[in-house]
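If you're matching positions, the sequence shown starts at 1 in the UniProt record's numbering and goes up one per residue.
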Amino acid sequence: SSSSSSSSPASSSSSSSVVRSILTEEVVADTTPAKSSESCCSSSSLTKRLFELADKQKGGSAAQGAGGTTSYQGLLFADWNWAKLRSPLPPKSPKKFVQVSSSSNAAAAATADDDDGDCYDVVVCGGTLGIFTATALLARDSSLKIAVLERGPLLGRDQDWNIARSELAALVELGIMAQQEIEECIELEFNPMRVGFKTSSDGSGFSTPVNDVLNIGISPKKLIATARKKFEDLGGTVLEKVSLSSILIPENYEGELDNTKKEKNTNNFAVLQCTDSQKQNLVLRSRLVVDAMGSGSPIAAQARGPKKPDGVCLVVGGSMATDQFKDLNSDGGDLIYTMNGAIEVPTLATDQQYPFPPSSPNYIQTPNKTSEIQLFWEAFPSSAGPSYRTTYMFAYMDTQQQRPSLQRLFQEYWRLLPEYQNLDHSIEELVDMGKITPKRFLYAVFPTYTDSPIQYPNNWHRLVSVGDASGIQSPLSFGGFGALLRHMPRIIPGIEDALAKDYLDHSSLKGLNPYLPNLASTWMMQTSMSAPVVSSSSSSSSSSSSSPSLSSSSLYDAMFPKPSLASSSEYEYLIPNILATTFEQMLLLDGGKGESLKPFLQDVVQPKGLLGGLLGVVVTCPSIVPKILQHVGPKPIIKWVGDVAAMVST
1 SSSSSSSSPA SSSSSSSVVR SILTEEVVAD TTPAKSSESC CSSSSLTKRL FELADKQKGG
61 SAAQGAGGTT SYQGLLFADW NWAKLRSPLP PKSPKKFVQV SSSSNAAAAA TADDDDGDCY
121 DVVVCGGTLG IFTATALLAR DSSLKIAVLE RGPLLGRDQD WNIARSELAA LVELGIMAQQ
181 EIEECIELEF NPMRVGFKTS SDGSGFSTPV NDVLNIGISP KKLIATARKK FEDLGGTVLE
241 KVSLSSILIP ENYEGELDNT KKEKNTNNFA VLQCTDSQKQ NLVLRSRLVV DAMGSGSPIA
301 AQARGPKKPD GVCLVVGGSM ATDQFKDLNS DGGDLIYTMN GAIEVPTLAT DQQYPFPPSS
361 PNYIQTPNKT SEIQLFWEAF PSSAGPSYRT TYMFAYMDTQ QQRPSLQRLF QEYWRLLPEY
421 QNLDHSIEEL VDMGKITPKR FLYAVFPTYT DSPIQYPNNW HRLVSVGDAS GIQSPLSFGG
481 FGALLRHMPR IIPGIEDALA KDYLDHSSLK GLNPYLPNLA STWMMQTSMS APVVSSSSSS
541 SSSSSSSPSL SSSSLYDAMF PKPSLASSSE YEYLIPNILA TTFEQMLLLD GGKGESLKPF
601 LQDVVQPKGL LGGLLGVVVT CPSIVPKILQ HVGPKPIIKW VGDVAAMVST
């Protein structure tokens, strides 16, 4: 299943939060500009050149709002963070952002006893998507006192978020906005979307149109402004350019007593230490804190501890214009598409540029390595006009050191984009001829964890997470706006009930983000869509030469080696074949109408579609089954069986 399609980068909450998502600690970087490297390859120079062209189109001003960090300098920082994540060194413990007051924490408890500070029923941290949660709660109970914290300006970018019209119904259902207001935010609507996989070098494969999935281009600038106006009209408070420094949670939970005691009993509140734009301290108290800070949330990072993600999705792409796009079908796009099998991608030290020079103590030396990856594509028409097209290239992988950098992935993007979009010239030639106009570029590292949704420590009362901060999104999904909306009709009434009945202790709130077997079952698909680092022989030889003793993970890899994909004609198109065969069988379940694919494509996996499709694969194409088992390995399959059993039994 693709679920990149379930929520595209265009619909993600903020690439800036994604850039932060791979940080395991707060780092003060040496920001001395890096000297240009003469050895930098032309593709890397092309990346910088196109980013500079896009910046000129914006008048040289930094992007504001969601996804603001899309500059070339931001790319260098993102790659530095990604390099840290791939480092063989164990990750450091994240900053202790949430503190629990106790007798041994006298300083923190003294802060909580301070009578200063505004008092709220709910404080939502992370305003870009948090504004929707805050507005929904206030629309249902106008007596609540709610504040939204946003470290930058609370506004959306001038771009398109892609989503299905059916998913937008949650905004009306929850009272966030009226249908007419939604219509005014919609910039374009298109159909169909293609799901396609080339399964051999001769160009043959599987392709089918799907309607009404990610076929709406909606303006986040208008959408967030509309939700904010509704929120403020209802009496809500927006605190912009306010940074959250820490949260103090009472160790002993007590429900509300009465209004006269409420101001004095610190067990009834979480205390938020903040800093405003003037660097002045700001203290807030709240009965409930909602974490809507995305996958880069420092609260989520502390809860997970010093643990690397179990998988990541690397995404590069952007929106640009050329006259050649006018000849393309602008009435539809691609949900997920492959035009090649697995390829080998080198990660070279000369590819890697950082936002500071090699003399910096923060510099990370990147070794020359090679990794196999399977590239996927998606494309959307743009509200900017018929000559504009938005395209993304992405790949699923683990965090091994051999994995390519974002800069290297951009090089592959420039190289393959003309083939994908049937352009007559290379991207570099189009730039030289002045026939390409870049609007914006996006890059992201989306982390995924098997132990999701995230569970807080037992003494973390008065804290709940929503959206990507909760880990509720599918491991195949880019998360963001679509993933948030999908769960809001369930989560918002739960939060409302918890506030009304004072069920704000940990044991009560953890039920809002339970184990969801239908989403957990997609982990095997993420594994099946990931190519191994290198060939089995190379991997084993490098392991044995680097260490006389094998770690548990290395021993597992040695016992169950994955086949090399890129170097084998037999396995080169294995991943596209797995997807093509599965989707073809799922399509047959409803007579080819495509309705059986929609739950899968929108991260709402159903037993009928999943099991029916896989059973069809076993019956119609038994020869591929041993290859799937060898490629995926026993651990993901065992986990998947348990998840499917739980899904069927519920």
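Note that CB positions come from ideal geometry on N, CA and C, so glycine has one too.
Cα atoms of Gly511 and Ser568: separation of roughly 47 angstroms, rounded to the nearest angstrom. Residue range Gln179 to Cys185 is occupied by the alpha helix (DSSP H) that includes Cys185, with no beta strand (DSSP E) assigned at that position. Contact between the region 243-255 and the region 173-193 is not established, with fewer than three Cβ pairs separated by less than 8 angstroms. With fewer than three CB-CB distances shorter than 8 angstroms, the region 486-500 does not count as touching the region 616-624. Per the coordinates, the alpha-carbon of Gly235 lies some 27 angstroms from the alpha-carbon of Ile299.
Burial is judged here by how many other beta carbons sit within 10 angstroms of a residue's own beta carbon; Gly332 has at least 16 and is buried. Excluding five sequence positions before and after Ser219, the CB atoms of its chain that fall closer than 6 angstroms to its own CB belong to Cys185 and Glu187, given in chain order. Secondary structure at Tyr253: coil, using DSSP grouped into helix, strand and coil. Counting every other CB atom within 10 Å of its CB across the protein chains shown gives Gln280 a total below 16, marking it as exposed. Residue range Leu406 to Tyr420 is occupied by the alpha helix (DSSP H) that includes Leu409. When only Cα atoms are considered, Thr527 and Phe269 end up about 42 angstroms apart. Pro634 has its alpha-carbon roughly 27 angstroms from the corresponding atom of Gly479.
Between Met193 and Leu335, the gap from beta carbon to beta carbon is short of 8 angstroms. Your pair Asp468 and Gly294 checks out as a contact, with CB atoms roughly 5 angstroms apart and the cut at 8 angstroms. Collapsing the DSSP output to three states places Gln526 in a helix. Rounded to the nearest whole angstrom, the C-alpha separation of Val124 and Ala147 is 6 angstroms. Using a Cβ distance threshold of 8 angstroms, Phe441 and Tyr388 do not count as a contacting pair.
For Pro91, the secondary structure class from DSSP, reduced to helix, strand or coil, is coil. Secondary structure at Trp80: helix, using DSSP grouped into helix, strand and coil. It is roughly 35 angstroms from the alpha-carbon of Lys308 to the alpha-carbon of Pro418. Within 10 angstroms of the beta-carbon of Arg408 lie 16 or more other beta-carbons, which makes it buried. Every alpha helix (DSSP H) of 4 residues or more that sits fully in the region 157-212 is shown, in chain order, as 165-173 and 179-185.
Cα atoms of Pro517 and Tyr392: separation of roughly 29 angstroms, rounded to the nearest angstrom. At least 8 angstroms separates the beta-carbon of Pro576 from that of Pro306. Gly613 counts as buried, since no fewer than 16 other beta carbons sit within 10 angstroms of its beta carbon. Between Leu589 and Gly609, the gap from beta carbon to beta carbon is short of 8 angstroms.
DSSP, reduced to helix, strand and coil, places Asn281 within a strand of the structure shown.
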